[in-house]
Amino acid sequence: MDFAKYTVDEFSKKLASDSPTPGGGSIAGLNGALSASLASMVVALTKDDSLDEYAEELKELRTKGLNLIDEDAVSFDKVMDAFKMSKDTKEEKQERNDAIQEALKNASFVPLETMKLGLRLLKITRKVVERGNKNAISDAGVAALTAMVAIKGGSYNVLINAESLKDKETAQELKLDVNNIIEAAEQLEAKIEEIVNMEFE
1 MDFAKYTVDE FSKKLASDSP TPGGGSIAGL NGALSASLAS MVVALTKDDS LDEYAEELKE
61 LRTKGLNLID EDAVSFDKVM DAFKMSKDTK EEKQERNDAI QEALKNASFV PLETMKLGLR
121 LLKITRKVVE RGNKNAISDA GVAALTAMVA IKGGSYNVLI NAESLKDKET AQELKLDVNN
181 IIEAAEQLEA KIEEIVNMEF E
């Protein structure tokens with residue numbers, strides 16, 4: 001699959017096609033990678049060493065975001081494969097149902113990782129907007145916005161899959177994780193936006 005190796009034009013055409021993957025979950029992962037890239041740029045443009053501690057981690061987060069593009073697509077394809085399994089006999093029906101539930105669970109965990117990635121990026125971006133090169137503060141602001149796309153986009157994919165889980169305890173835990181991450185993210189985003197906007201007054 002390796003969507004991260006596509007050109008922007010190739011990827012956008014694939015996204016616009018009738019293929020179900022890549023979809024919204026992959027775009028959430030991509031936005032995580034873009035957020036990390038923008039934050040890295042601001043760190044590189046900051047002449048003092050006040051942000052150097054984040055440089056290596058941002059590289060790792062960028063790679064993780066790119067990997068999540070494919071991981072999300074693969075997890076969704078496994079759900080589709082499970083639905084295509086034979087259901088002629090009672091045993092086959094049970095095997096199919098078990099496979100669907102397992103695939104749905106995994107397809108919930110992948111976008112949850114995307115959400116966690118986005119939250120970590122917001123925490124770093126908070127430091128970047130405070131200490132970074134003020135001439136690039138708008139770029140840091142966009143890094144925060146794309147991190148929020150990773151988080152909220154990921155949340156939609158967690159929730160739609162969790163809704164179909166028969167394991168209601170796991171589904172409830174997933175929903176709680178989503179709510180906690182979004183609550184923390186919105187507080188961080190609001191503070192980042194406040195700092196960015198102060199530069200324009």
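Residue numbers are given in UniProt numbering: position 160 of the sequence shown equals residue 160, and the series is strictly consecutive. By construction, the Cβ of each residue, glycine as well, lies at the ideal position given by its N, Cα and C atoms.
- Taking the Cα positions, Leu38 is about 36 Å away from Glu102.
- The C-beta distance from Val79 to Leu112 rounds to 15 Å, too long to fall under 8 Å, and the pair is not in contact.
- By the 16-neighbour rule on beta-carbons within 10 angstroms, Phe200 is exposed.
- In the three-state reduction of the DSSP assignment, Ser37 falls in the helix class, which pools H, G and I.
- Beyond the five residues adjoining it in sequence on each side, Gly154 comes within less than 6 Å, by CB distance, of Ala28, Pro111, Thr114 and Met115 in the same chain, given in chain order.
- Less than 8 Å separates the beta-carbon of Ala36 from that of Leu61.
- Annotated three-state conformation of Pro20 is coil, per DSSP.
- Selection Pro22, Ile192, Val196 and Ser108 evaluated against Leu165 yields Ser108 as nearest (Cα-Cα).
- Contact between Val43 and Gly141 is ruled out by a C-beta separation of about 15 Å, above the 8 Å threshold.
- The distance from the Cβ of Met85 to that of Glu71 is about 22 Å, inconsistent with a contact at the 8 Å cut-off.
- In the three-state scheme derived from DSSP, where H, G and I count as helix and E and B as strand, Asp70 is classed as helix.
- In terms of Cβ geometry, Ile69 and Ala4 form a close pair [threshold 8 Å].
- For Ala136, there is no enclosing alpha helix (DSSP H), as DSSP marks it with neither H nor E.
- Taking the CA atoms as reference points, Gln187 sits about 20 Å from Leu174.
- Out of Ala33, Ser26 and Leu66, the CA that lies nearest to the CA of Ala143 is found in Ala33.
- Selection Ser138, Gly23 and Ile100 evaluated against Asn197 yields Ser138 as nearest (Cα-Cα).
- Non-local beta-carbon contacts of Leu66 in its own chain, meaning distances under 8 Å to residues more than five positions away in sequence, involve Ala4, Gly29, Leu30 and Ala33 in chain order.
- Distance from the Cα of Ile195 is smallest, within the candidate group Lys59, Pro20 and Arg126, for Arg126.
- Per DSSP, reduced to three states, the secondary structure at Leu112 is helical.
- Rounded to whole angstroms, the gap between the alpha carbons of Lys134 and Glu169 is 46 Å.
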